[in-house]
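Trainee:
Protein chains: 2
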Amino acid sequence: MMKKILIVEDDTAIAELERDYLELNGFECSIAERGTKGLEAALENDYDLILLDIMLPGMDGFEVCSKLREKKQTPVIFLSAKSDDIDKIRGLGLGADDYMTKPFSPNELVARVKAHISRYERLSGQDEIINFGKVSINTDARRVFIDGKEAPFTAKEYDLLLYLVKNKGKTVPKEVLFDKIWGFEAIGDISTVTVHIQRIRDKLGDENRIQTVWGVGYRFTM
Amino acid sequence: MMKKILIVEDDTAIAELERDYLELNGFECSIAERGTKGLEAALENDYDLILLDIMLPGMDGFEVCSKLREKKQTPVIFLSAKSDDIDKIRGLGLGADDYMTKPFSPNELVARVKAHISRYERLSGQDEIINFGKVSINTDARRVFIDGKEAPFTAKEYDLLLYLVKNKGKTVPKEVLFDKIWGFEAIGDISTVTVHIQRIRDKLGDENRIQTVWGVGYRFTM
DNA sequence: CCCTATTTTATATGATTTGTCAAGGAATCG
DNA sequence: CGATTCCTTGACAAATCATATAAAATAGGG
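Here it is, written out as structure tokens:
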């Protein structure tokens, strides 16, 4: 999933420079040129990180950060031309995550952005989500969404689907599926598996990617 | 509450210097001189932050950090004499929170330590008050208020609700709830979980957000 | 030591899921 | 092309699970 970054910066040249470097590294960027616009954008969207200039028209970076923090914990990196500002950031206890003084090296910027995003994900325990087509599976919540709407999967159906998805591309014999989902020593008919597969295919509808491998089992293809 | 810091550093002179400065600023410090000892200490105690030297006898700082991260998310600041190490830290994706090169100014050290501790507290949501809808939970007092009025939760009910709230969005199997609330080795029927859930739902009334996940457990949704 | 509040166990009931079966359809092979 | 084997589909019955309620056991306070 592509990470989204908000650049709040009134100097267009600098903003575009930052954007170019970040996009080269696989990030998706939006630019806001005024503090107020930046705050609005940050509150409305779920950015993964915000690059925040301090001197801004409308509302300065300090105020943007402090207002943002009332609602959200999106990581913020402050950018400033004046090294004096650094002390101010520390002093204000704004919940800034980092700060850099201009001019900065693009590599340094990208490295810090990456570091902060990965740290934030680690600490905030973000959910693991598997996507294919219009389907997303939230493995922590054990929920399946198709085109944004939740599809009600039962326990066995969910386990079975997840196993196939996690082994995507591989053909899984029905006997293996039975062992894995129903347990090693479970007794019962193999046809149980096929019936469940059928029910899963129904629920996935157009997004069904479970192929039958004749005489063997099933394969989930991406 | 005094914040506790672990210093893992084999050079006694440096370790004591760090300790002195941090204690002057109101921190409580422990020192470990070997990587293995440091890891043990970090796992056994709940430090608020760890200062980790890279070159250590026994087990180097990289390994300590990576082993620690399997269990805990305590903030780590790496210290190194060699600036080469910085690139290595970035490259390894160890979940380091910061790094400083020796020699460093004591004020810089203290400032960074403070910044990281406050960020960690902010992100890890050690909130004293948790709110959802008309419900607020005061975790210090272990009290639950609905629409401003206190709802009398018993000990087990409170623990159970808090666990679900802290894992909001995730489906928690009943067995896990039983382990977490009643203790690992507790014997007893899983149905005691369901009875307690029922009572909590009763007390939450309209504000109940505990969903049943059939065949698995429960999920608290925001 | 007794009384009360809390927690656990037990049971009944209703809802949902799951497994089985049988009929029909599709793929495979000679 | 026909026979055979395997897969799909739908229906139904059995098993499982969740909830409500009540009763029994336990712990805590005076």
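Residue numbers (this note's numbering), protein chains in the order written: chain A, 64 to 285; chain B, 64 to 285.
Backbone N, C-alpha and C define an ideal beta-carbon position, used for all residues, glycine too.
With a floor of 3 residues, list each beta strand (DSSP E) that falls wholly inside the segment 150–221 of chain B, ordered by position along the chain.
Mentor: Runs of the beta strand (DSSP E) inside the segment 150–221 of chain B: 161–164, 192–195, 198–201, 206–209, 212–214.
Trainee: Taking 9 Å as the threshold (C-beta atoms), are T202 of chain A and D210 of chain A in contact?
Mentor: No, the pair does not count as a contact, with Cβ atoms beyond the cut-off.
Trainee: Could you tell me if T234 of chain B is buried or exposed, where buried requires 16 or more neighbouring beta carbons within 10 angstroms of its beta carbon?
Mentor: Under this definition T234 of chain B is a buried residue.
Trainee: For the segment 221–245 of chain B, list every residue whose C-beta sits within 7 Å of some C-beta in chain A, in sequence order.
Mentor: Against chain A - using a Cβ distance shorter than 7 Å - the residues of the segment 221–245 of chain B are G232, K233, T234.
Trainee: Please name the residue in B:F241, B:I250, B:A249 whose C-alpha comes closest to that of V256 of chain B.
Mentor: Per the Cα distances, B:F241.
Trainee: Indicate whether at least one CB of chain B lies closer than 9 Å to the CB of S187 of chain A.
Mentor: It does; some Cβ of chain B falls within 9 Å.
Trainee: Within the same chain, show all residues whose beta-carbon is closer than 7 Å to that of S146 of chain A, passing over the 5 residues directly before and after it, in chain order.
Mentor: Cβ within range, chain order: T164.
Trainee: With contact counted as at least three CB pairs below 8 Å, one residue from each stretch, are the segment 130–139 of chain A and the segment 79–96 of chain A in contact?
Mentor: Touching, no, given that fewer than three Cβ pairs across the two stretches are closer than 8 Å.
Trainee: So A218 of chain A contacts chain B; which residues on that side make the cut at Cβ distance below 9 Å?
Mentor: In chain order: V276, W277, G278, V279.
Trainee: On the three-pair Cβ rule with 8 Å, is the segment 271–278 of chain A touching the segment 67–86 of chain B?
Mentor: No, they do not touch.
Trainee: Have a look at the DSSP bridge pairing and note the partners of C92 of chain A.
Mentor: According to DSSP, which records beta bridges pairwise, C92 of chain A is partnered with A:I68.
Trainee: When Cβ atoms are compared, which residues of the segment 99–110 of chain A fall closer than 7 Å to chain B?
Mentor: Result list empty, no residue passes.
Trainee: Counting only beta-carbon atoms, is Y84 of chain B nearer than 9 Å to chain A?
Mentor: Closer than 9 Å: no.
Trainee: In whole angstroms, what separates the C-alpha of I244 of chain A from that of N170 of chain A?
Mentor: About 47 Å.
Trainee: Starting from F125 of chain B, trace the alpha helix (DSSP H) in both directions and tell me its first and last residue.
Mentor: Run containing F125 of chain B: 124–132, per the alpha helix (DSSP H) assignment.
Trainee: So for I260 of chain A, helix, strand or coil by DSSP?
Mentor: Three-state DSSP puts I260 of chain A in a helix.
Trainee: At which residues does the beta strand (DSSP E) containing D242 of chain A begin and terminate?
Mentor: It is not in any beta strand (DSSP E) - D242 of chain A carries neither H nor E in the DSSP assignment.
Trainee: For a cutoff of 9 Å on Cβ pairs, would you count N194 of chain A as touching chain B?
Mentor: Cβ-Cβ to chain B under 9 Å: no for N194 of chain A.
Trainee: Are any of the Cβ atoms in chain B nearer than 9 Å to that of D160 of chain A?
Mentor: Yes, its Cβ sits closer than 9 Å to a Cβ of chain B.
Trainee: Listed in chain order, which residues of the segment 199–211 of chain A have Cβ atoms closer than 9 Å to some Cβ of chain B?
Mentor: Answer in chain order: N201, D203, A204, R205, R206.
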